[in-house]
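For the sequence shown, the numbering used here gives the first residue as 3, with consecutive numbering after it. Every residue gets a Cβ at the ideal spot worked out from N, C-alpha and C, and that includes glycine.
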Amino acid sequence: QVQLVESGGGLVQPGGSLRLSCAASGSTFSANTMGWYRRAPGKQRELVAGISSGGRTNYADSVVGRFTNDRDNAKNTVYLQMNHLKPEDTAVYYCAAFYGLVVNSWGQGTQGTVSS
Numbered sequence: 003q004v005q006l007v008e009s010g011g012g013l014v015q016p017g018g019s020l021r022l023s024c025a026a027s028g029s030t031f032s033a034n035t036m037g038w039y040r041r042a043p044g045k046q047r048e049l050v051a052g053i054s055s056g057g058r059t060n061y062a063d064s065v066v067g068r069f070t071n072d073r074d075n076a077k078n079t080v081y082l083q084m085n086h087l088k089p090e091d092t093a094v095y096y097c098a099a100f101y102g103l104v105v106n107s108w109g110q111g112t113q114g115t116v117s118s
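Written out as structure tokens, the structure is:
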């Protein structure tokens, strides 16, 4: 099981960008599928993006073309580049590590706020 620590959240104006990082400990990182979830105020948690051990990515429809998920296995780190941000992207963002189809590790979360 890996341990995950997110960073990079903050306050940005609409149309701006944030880059989230998730640093993982543990020797199995390169074999893990990784994901980014978010929980907006008053809403259920949703899967925003995922990246397989081989680098294949998938995204929620709401972020396609704006968010990019990538990973650096040498640094045990996964990233979420968020561009053209909208107020509705405001949420706590969580990094997750999958074992098979099940999340078995969560980060502590980082707040991203989009507001003018």
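Asked, Found
"Burial state of residue 103 (16 or more Cβ within 10 Å)", "exposed"
"Which listed residue (118, 32, 112, 88) has its alpha carbon closest to that of residue 10", "112"
"Three-state secondary structure (DSSP) of residue 71", "strand"
"CA nearest to the CA of residue 20, picked from 100, 41, 86, 107", "86"
"Distance, residue 109 Cα to residue 82 Cα", "14 Å"
"Rounded C-alpha distance that separates residue 31 from residue 78", "6 Å"
"Per DSSP, the bridge partner or partners of residue 83", "21, 70"
"CA-to-CA distance, residue 116 to residue 14, given in whole angstroms", "5 Å"
"One or two residues paired with residue 59 in a DSSP bridge", "53"
"Where residue 42 falls: helix, strand or coil (DSSP)", "coil"
"Alpha-carbon to alpha-carbon, residue 60 and residue 67", "11 Å"
"Rounded C-alpha distance that separates residue 41 from residue 93", "5 Å"
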